[in-house]
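The block underneath contains the structure these notes are about, expressed in structure tokens.
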Amino acid sequence: MFKAKVKPEVLKELVEIVATLVDEAKFSVEKTGLVIKAVDPAHVAMVELSLSKGGFEEYKADGSELGVDIDKTKEVLRLATAGEDISIEHDEDRNQLVFQVGNITRRMSLVDTTGMSDPKVPNLTLPVKLSVKTSELRQGIRASESVSDHIALIADPDGFEMLSEGDTDSVNLKLPKDLLEEIECKEESRSLFPLDYFSNMVKAISTASVVTMRMGNDYPVKLEFSIADGKGEVTYLLAPRIESE
Amino acid sequence: MFKAKVKPEVLKELVEIVATLVDEAKFSVEKTGLVIKAVDPAHVAMVELSLSKGGFEEYKADGSELGVDIDKTKEVLRLATAGEDISIEHDEDRNQLVFQVGNITRRMSLVDTTGMSDPKVPNLTLPVKLSVKTSELRQGIRASESVSDHIALIADPDGFEMLSEGDTDSVNLKLPKDLLEEIECKEESRSLFPLDYFSNMVKAISTASVVTMRMGNDYPVKLEFSIADGKGEVTYLLAPRIESE
Amino acid sequence: MFKAKVKPEVLKELVEIVATLVDEAKFSVEKTGLVIKAVDPAHVAMVELSLSKGGFEEYKADGSELGVDIDKTKEVLRLATAGEDISIEHDEDRNQLVFQVGNITRRMSLVDTTGMSDPKVPNLTLPVKLSVKTSELRQGIRASESVSDHIALIADPDGFEMLSEGDTDSVNLKLPKDLLEEIECKEESRSLFPLDYFSNMVKAISTASVVTMRMGNDYPVKLEFSIADGKGEVTYLLAPRIESE
Numbered sequence: 478m479f480k481a482k483v484k485p486e487v488l489k490e491l492v493e494i495v496a497t498l499v500d501e502a503k504f505s506v507e508k509t510g511l512v513i514k515a516v517d518p519a520h521v522a523m524v525e526l527s528l529s530k531g532g533f534e535e536y537k538a539d540g541s542e543l544g545v546d547i548d549k550t551k552e553v554l555r556l557a558t559a560g561e562d563i564s565i566e567h568d569e570d571r572n573q574l575v576f577q578v579g580n581i582t583r584r585m586s587l588v589d590t591t592g593m594s595d596p597k598v599p600n601l602t603l604p605v606k607l608s609v610k611t612s613e614l615r616q617g618i619r620a621s622e623s624v625s626d627h628i629a630l631i632a633d634p635d636g637f638e639m640l641s642e643g644d645t646d647s648v649n650l651k652l653p654k655d656l657l658e659e660i661e662c663k664e665e666s667r668s669l670f671p672l673d674y675f676s677n678m679v680k681a682i683s684t685a686s687v688v689t690m691r692m693g694n695d696y697p698v699k700l701e702f703s704i705a706d707g708k709g710e711v712t713y714l715l716a717p718r719i720e721s722e
Numbered sequence: 478m479f480k481a482k483v484k485p486e487v488l489k490e491l492v493e494i495v496a497t498l499v500d501e502a503k504f505s506v507e508k509t510g511l512v513i514k515a516v517d518p519a520h521v522a523m524v525e526l527s528l529s530k531g532g533f534e535e536y537k538a539d540g541s542e543l544g545v546d547i548d549k550t551k552e553v554l555r556l557a558t559a560g561e562d563i564s565i566e567h568d569e570d571r572n573q574l575v576f577q578v579g580n581i582t583r584r585m586s587l588v589d590t591t592g593m594s595d596p597k598v599p600n601l602t603l604p605v606k607l608s609v610k611t612s613e614l615r616q617g618i619r620a621s622e623s624v625s626d627h628i629a630l631i632a633d634p635d636g637f638e639m640l641s642e643g644d645t646d647s648v649n650l651k652l653p654k655d656l657l658e659e660i661e662c663k664e665e666s667r668s669l670f671p672l673d674y675f676s677n678m679v680k681a682i683s684t685a686s687v688v689t690m691r692m693g694n695d696y697p698v699k700l701e702f703s704i705a706d707g708k709g710e711v712t713y714l715l716a717p718r719i720e721s722e
Numbered sequence: 478m479f480k481a482k483v484k485p486e487v488l489k490e491l492v493e494i495v496a497t498l499v500d501e502a503k504f505s506v507e508k509t510g511l512v513i514k515a516v517d518p519a520h521v522a523m524v525e526l527s528l529s530k531g532g533f534e535e536y537k538a539d540g541s542e543l544g545v546d547i548d549k550t551k552e553v554l555r556l557a558t559a560g561e562d563i564s565i566e567h568d569e570d571r572n573q574l575v576f577q578v579g580n581i582t583r584r585m586s587l588v589d590t591t592g593m594s595d596p597k598v599p600n601l602t603l604p605v606k607l608s609v610k611t612s613e614l615r616q617g618i619r620a621s622e623s624v625s626d627h628i629a630l631i632a633d634p635d636g637f638e639m640l641s642e643g644d645t646d647s648v649n650l651k652l653p654k655d656l657l658e659e660i661e662c663k664e665e666s667r668s669l670f671p672l673d674y675f676s677n678m679v680k681a682i683s684t685a686s687v688v689t690m691r692m693g694n695d696y697p698v699k700l701e702f703s704i705a706d707g708k709g710e711v712t713y714l715l716a717p718r719i720e721s722e
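The listed protein sequences correspond, in order, to chains A, G and R. Quick note on this note's numbering: the first sequence kicks off at 478 and runs consecutively. Quick note on this note's numbering: the second sequence kicks off at 478 and runs consecutively. Quick note on this note's numbering: the third sequence kicks off at 478 and runs consecutively.
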């Protein structure tokens, strides 16, 4: 059983976040809220998203798993207008999700979840923690896009840096300590990431003005931010590329 | 003889309506106003548009037929700015239409009308008549576009429904009686239409907030609406597709 | 040595003007300001741009030549926000231009200038001089684009005309004397130009509301206008096409 009502902007944010990694996802509708975990097909990145009951206008579930086509859900969202809640219900007989948007009823067949892995966020000790304005990350990404396909994230006790190096050109965004919301870093650490993944993740952050990053030296990066006015949490995990010397 | 002055927004609306079906059209400039009738090349749809003398700022004609290239007329419209009337004159010696927009003079050769058919709107008895907000039709079309290439229009005494069914998904917009401006329907009737035609027709309606539809069971649909602040009338006719059982 | 600070809108205007003709250009940074001269690869058009020291927020140079990639400079400009000056410095050791935009540092390798010609604006006596609103030129170009690949510029003592003639259609913009800012013309003169070049040049004029044109009969046209609030000057020169009779 699953029946809920949600603000279109909340569903939109959620869908955009998941869409950066997968076309179809398993929505676990627990009693206390919705949980989505997904790994991209190349196994480079992972997302874990939870939206508590309180993030919905109405919510009733008793724990089931729904295979959802993300692109189709985006289409449903295009029909919504601000201020008009979207109703979602699981029709178990027909194995469909039924969306109600205004006078429109959209029936969407669920996809098979048996092939979908149930990823576990690995237990990593990431020594660096820092919080940075989402707008700064975006600016750094935009600068990097014309220079390289990779981006290095570098932290040291004095601040945070995003660096992209091409054959002839380079670009970096340097944020000294006082431009960060928070930094915990004992020694310099640096990891290289595929720019497209990192860029898509950061672009999917729509409402959170601050992102917390956890990093290490040649280690994955974790991006943590809240959604739905704090009623939900997202963790992105992105694997590093090995830097060629 | 044909000489007229027209507001760009009126000419734009008129051109958009005709452009959904044909690239070239025969403009009949009668003493009392302009009449355009056209059938699309696949003979699936038909338009009949009339704009009375009063829909123009100035108008003089004594009954001739002008073969007009619709795309070129769109280009002329791109030169116009709101509040600046467009002058149109038939130069009979050179067989050109001469548009005057501000300081610009655009001479456009007329196209041959001999090959253009003179369609007659067939005499159909369509038992259902209903009036619906253009915005509702648009919403129903947008919802259907991701599901199927066809759309069923269904009326019964209680209301009106637009329904699209794909292989796995379906979508419908249901408008109960009280959300319609008007409905005359004795028994359920249902016809299936090609979505692209229906969509283009509805999208070409720019100023009319209400459309009157006449329908039957496996019968064509007629869309009727006014243009130019009621100074003109348009009828679209669209042939049904046979529903496969 | 070259070190400067400039408003992004000034650099943007400058870059757009040069980009109409070349992908790479030689920036001569003289003590008194910046000079750029460039010819397009087909040798049809030429630009000469000068921006005095006063057009920069800060400026220091002792006369050197920098080979600049115009497309990359456009990318740097995309990072800038209004009201935030861009710093530019020549790093002679690495032969790079170093742009500073907010917290971003963009290092760009200079391109080799040895292959770049040092065009001289030919000494032409162009008998006609007239000044026209940039917006009128734009309107005339927009009208011409759907009719022909060429545009004739025609001046006589009574005014100025832009004329495009296709196989069946034609369009002209006629500006009588009193709609011009200024005209000096003793006898009719007419030259034909490639529309794409002329269009790109006119579109690159962003702040100047008036352009001065110097023309002749089957002669090149010169477009002169100011940039950076009068702190800079641009001359475009465009070769004519021979009109086929």
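Every residue gets a Cβ at the ideal spot worked out from N, C-alpha and C, and that includes glycine.
query, result
"Unbroken stretches of the beta strand (DSSP E), 3 residues or longer, contained in the segment 593–617 of chain A", "605–610"
"Residue 508 of chain G burial status per 10 Å Cβ neighbour count (16 or more: buried)", "exposed"
"Local conformation of residue 682 of chain R per DSSP, three classes", "coil"
"Where the segment 629–651 of chain A meets chain R: residues whose CB sits under 7 angstroms from a CB there", "645, 646, 647, 648, 649, 650, 651"
"Within chain A, partners of residue 619 of chain G - CB distance below 8 angstroms", "555, 556"
"For residue 486 of chain A and residue 559 of chain A, the rounded distance between their alpha carbons", "7 angstroms"
"Under the three-state DSSP convention, the category residue 480 of chain R falls into", "strand"
"First and last residue of the uninterrupted alpha helix (DSSP H) at residue 518 of chain A", "Element bounds for residue 518 of chain A: n/a, residue is neither H nor E."
"N-terminal and C-terminal residue of the beta strand (DSSP E) that residue 629 of chain R is part of", "627–633"
"CB contact check: residue 501 of chain G to chain R, cutoff 8 angstroms", "no"
"Cβ contact check for the segment 592–600 of chain A and the segment 572–583 of chain A: 3 or more pairs under 8 angstroms", "no"
"Interface positions of the segment 526–559 of chain G facing chain R (Cβ-Cβ less than 8 angstroms), listed along the chain", "549, 552, 555, 556"
"Cα-Cα separation between residue 674 of chain G and residue 641 of chain G, rounded to whole angstroms", "14 angstroms"
"Where residue 583 of chain G falls, given that 16 or more other Cβ within 10 Å makes a residue buried", "buried"
"Under 8 angstroms from the C-beta of residue 623 of chain G: neighbouring residues of chain B", "The structure shown contains no chain B; its protein chains are A, G and R."
"Assigned secondary structure, residue 620 of chain A (DSSP; H/G/I helix, E/B strand, else coil)", "helix"
"Enclosing alpha helix (DSSP H) for residue 549 of chain A [first to last residue]", "547–555"
"Contact with chain A by residue 616 of chain G, beta-carbon distance below 8 angstroms", "yes"
"Whole-Å CB distance - residue 712 of chain A paired with residue 525 of chain A, under 8 angstroms assumed", "5 angstroms"
"Expected contact under 8 angstroms - CB spacing of residue 637 of chain A and residue 609 of chain A to nearest Å", "6 angstroms"
"Beta-carbon separation (whole angstroms), residue 692 of chain R vs residue 605 of chain R, contact threshold 8 angstroms", "5 angstroms"
"Buried/exposed call for residue 562 of chain R, threshold 16 Cβ in 10 Å", "buried"
"Whole-number beta carbon distance between residue 587 of chain R and residue 690 of chain R, since they are thought to touch under 8 angstroms", "About 35 angstroms; that fails the 8 angstroms criterion."
"Separation of residue 630 of chain A from residue 657 of chain A, as counted between CA atoms", "14 angstroms"
"Rounded C-alpha distance that separates residue 518 of chain A from residue 499 of chain A", "7 angstroms"
"Cutoff 8 angstroms: residue 586 of chain R Cβ touching any chain A Cβ", "yes"
"Three-state class that DSSP yields for residue 489 of chain R in the structure shown", "helix"
"8 angstroms Cβ cutoff met for residue 643 of chain A and residue 527 of chain A", "no"
"Top-ranked residue by Cα proximity to residue 545 of chain A, from A:568, A:574, A:521", "A:574"
"Extent of the continuous beta strand (DSSP E) to which residue 696 of chain A belongs", "First-last for residue 696 of chain A: undefined, no H or E at that position."
"Classification of residue 484 of chain A by the beta-carbon crowding that lies within 10 angstroms, buried from 16 upward", "buried"
"Helix, strand or coil at residue 495 of chain R according to DSSP, with G and I counted as helix", "helix"
"Cα-Cα separation between residue 702 of chain A and residue 686 of chain A, rounded to whole angstroms", "9 angstroms"
"Reference residue 532 of chain A, options A:543, A:548, A:512, A:551, closest by Cα", "A:512"
"Exposure of residue 594 of chain A, with buried meaning 16 or more beta-carbon neighbours within 10 Å", "exposed"
"CB contact check: residue 712 of chain R to chain A, cutoff 8 angstroms", "no"
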